[in-house]
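Remarks on the structure that follows.
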Amino acid sequence: MKSSVVRFADLLGQDAARQRVLEAIERGRLPHALMLVGPEGVGKLGMATAIAQYVNCLQPSDGDSCGKCSNCTKIAKGIHPDLHYVLPIISKKEGTKQWLTADYFDQFRQEFFHDPYLSFSKWRRMLEGEGKQLFISVHEIRELKRKISLKAFEAPNKVVIIWNAETINTQGANAFLKLLEEPPEKTLIILTCSDASVLLTTINSRVQRIRLGRIEKAEIDQYLQQKHQLDADMAEEFASIAEGSPATANEYLSDNSQKMSELYIEWLRAVYLGQYDKIQERLDSIVSENKEFQKLFLAVAVKKLRDSFLFQLGAKDLALSTRAELDFQQKFSQLMSADKVAAIAQHMEQSYRHISGNANPQMVLTALSLRVHGILRS
Ligand SMILES: [Zn+2]
88 MKSSVVRFAD LLGQDAARQR VLEAIERGRL PHALMLVGPE GVGKLGMATA
138 IAQYVNCLQP SDGDSCGKCS NCTKIAKGIH PDLHYVLPII SKKEGTKQWL
188 TADYFDQFRQ EFFHDPYLSF SKWRRMLEGE GKQLFISVHE IRELKRKISL
238 KAFEAPNKVV IIWNAETINT QGANAFLKLL EEPPEKTLII LTCSDASVLL
288 TTINSRVQRI RLGRIEKAEI DQYLQQKHQL DADMAEEFAS IAEGSPATAN
338 EYLSDNSQKM SELYIEWLRA VYLGQYDKIQ ERLDSIVSEN KEFQKLFLAV
388 AVKKLRDSFL FQLGAKDLAL STRAELDFQQ KFSQLMSADK VAAIAQHMEQ
438 SYRHISGNAN PQMVLTALSL RVHGILRS
């Protein structure tokens, strides 16, 4: 897939923010430090990168970068020597080695430049940091200072992008404040932040804020169809629970969405085997969650069901998250035929509609389990 993810045109919505930035640049009034503030997953990091690319593009036109010049292509691949990212990571020390963004950057590059709507929770999972706190340390800020004190290699403007600036720890924030107070020449600093209230007021007062809003449902719907090849019904379901955040939609969609995935596998296994106490246990945990979760479970179930069928047909590029899921699909796909998939999917979609209405989820899901058992055993 082409990775031209960092032109403004490749981002969803955010026209007002983009206009503000373009006007400031046109008038030669772009401040040396910007802070993009807005809800999680609405494209702040993508916008920051699009700005970095625009200010360094050799042939910008119509308010966007060209996507073709040497600066654009290097930025779009995450390999431009004058664009520095500072990412929240698991900060650790091994012997004399202090882990920094650079040590995790390959992982970041592969995800982000493929799809800029990378959620923070996915990033945390990628670093195997579940339950751990990701943050930006003072070591990181010192390394950043060292890098930007060097002359720019290729670009007119060095750019620093700090993702989730609210994760800078106290020592780091103090060091960063000094950097803001004595801004290096020809360097644009862009912070992204979902909750500016946790940042030092002294940092807040030295940056110009630009607000990013939630994305229209219709745009997320389109994005899911194009980027993730979802069919229209599924895209609409996911878009409606995403609350204006494409990254949240990704998160829901993600086969790494462990809880949902495990629940689905356990439920279906119990349904196939007709183990009613186990089915009930699974249903209890689904019913104890809210309606959105229940709908999502069914949406994920339909997707995974179709995956089983594709798997059987030999599709090898399905993103299966775990060994357990791979084993499951290998076994389960043997039981499936096109007719069975269609019949089960239809019942699941009907259940989805019933739960969206005001039906009792316990009853709906119990009935569904019985029907699916019948179809699998037919
Ligand atoms: Zn360009």
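Position 353 of the sequence shown, counting from 1, maps to 440 under our numbering, and the rest follow consecutively. Cβ atoms here follow ideal geometry from the backbone N, Cα and C, with glycine treated the same way. These figures come from a predicted structure and were not determined experimentally.
* Same chain, Cβ closer than 8 Å to Glu272, five either side skipped, listed in chain order -> Hits under 8 Å: none found.
* **Outcome for Gly128 when other beta-carbon atoms lying within 10 angstroms are tallied against a minimum of 16** => Counting Cβ neighbours within 10 Å, Gly128 comes out buried, since at least 16 surround it.
* Asked: When you compare only the Cα positions, how much space is there between Gly444 and Lys390?
  -> Roughly 21 Å between the two C-alpha positions.
* Ser408 versus Gly115: straight-line alpha-carbon distance, rounded -> For Ser408, the predicted structure reports a pLDDT of 49, less than 50, and the residue's modelled location is therefore unreliable. The matter cannot be settled from this model.
* **DSSP state of Asn343 mapped onto helix, strand, coil** => A caution first: Asn343 carries a pLDDT of 46, below 50, which makes its placement in the model too unreliable to give a value.
* **Three-way DSSP call (helix, strand, coil) for His471 in this model** => No statement about residue 471 is possible, as the shown extent of the chain runs from 88 to 465 and does not include it.
* To do: Could you work out which residue in Leu132, Gly154 and Leu360 is closest to Val173 when comparing CA atoms only?
  => For the residues Leu132, Gly154 and Leu360, the minimum Cα distance to Val173 belongs to Leu132.
* Does the Cβ-Cβ distance between Ala262 and Ile228 come in under 7 Å? -> Yes, the Cβ-Cβ distance between Ala262 and Ile228 is below 7 Å.
* **Under the three-state DSSP convention, the category Arg296 falls into** => Arg296 sits in a strand when the DSSP states are folded into three classes.
* Asked: If we ignore side chains and look at the alpha-carbon of each, how far apart do Leu99 and Glu323 end up?
  -> Those two C-alpha atoms are separated by around 16 Å.
* Asked: In chain order, which continuous runs of the beta strand (DSSP E) of length 3 or greater are located wholly inside the region 216-261?
  -> Fully enclosed beta strand (DSSP E) runs of 3 or longer: 245-249.
* Considering only residues of the region 262-293, which uninterrupted alpha helix (DSSP H) runs meet the minimum length of 4 residues and lie entirely inside it, listed in chain order? -> Those alpha helix (DSSP H) runs which fall completely within the region 262-293 and span 4+ residues are 288-291.
* **Unbroken alpha helix (DSSP H) run spanning Met213, endpoints** => Membership of Met213 in the alpha helix (DSSP H) is indicated by the continuous run Phe207 to Met213.
* **Range of the contiguous beta strand (DSSP E) that encloses Val124** => Run containing Val124: Ala120 to Val124, per the beta strand (DSSP E) assignment.
* Excluding sequence positions up to five away, which residues of its chain have a Cβ less than 6 Å from the Cβ of Leu287? -> Result list for Leu287: Ala260, in chain order.
* For Ile176, which three-state DSSP category applies? -> Looking at Ile176 - three-state DSSP - the assignment turns out to be strand.
* DSSP on Ser348, reduced to helix/strand/coil? -> In the structure shown, the three-state DSSP call for Ser348 is helix.
* For Leu266, which option in Pro175, Ser236, Leu457 and Gly216 has the closest C-alpha, if you only look at C-alpha atoms? -> Taking each of Pro175, Ser236, Leu457 and Gly216 in turn and checking the Cα distance to Leu266, the smallest one comes out for Ser236.
* **Residues bridged to Asp151 [DSSP beta-bridge criterion]** => Partner(s): Ser148.
* **Residues that DSSP places opposite Gln185 in a beta bridge** => Note: Gln185 sits in a beta bridge opposite Lys180.
* Three-state class that DSSP yields for Tyr191 in the structure shown -> Tyr191 carries a helical assignment under DSSP once its states are collapsed to helix, strand and coil.
* **Simplified DSSP assignment, three categories, for Ala454** => Looking at Ala454 - three-state DSSP - the assignment turns out to be helix.
* Asked: According to the neighbour-count rule (16 or more other Cβ atoms, all chains shown, within 10 Å of its Cβ), is Arg369 buried or exposed?
  -> That one is buried.
* Would you tell me roughly how many angstroms separate the C-alpha atoms of Asn343 and Trp354, rounded to the nearest one? => Any reading at Asn343 needs caution, since the residue's pLDDT is 46, under 50, leaving its predicted position unreliable; the model's value is listed next. Rounded to the nearest whole angstrom, the C-alpha separation of Asn343 and Trp354 is 17 Å.
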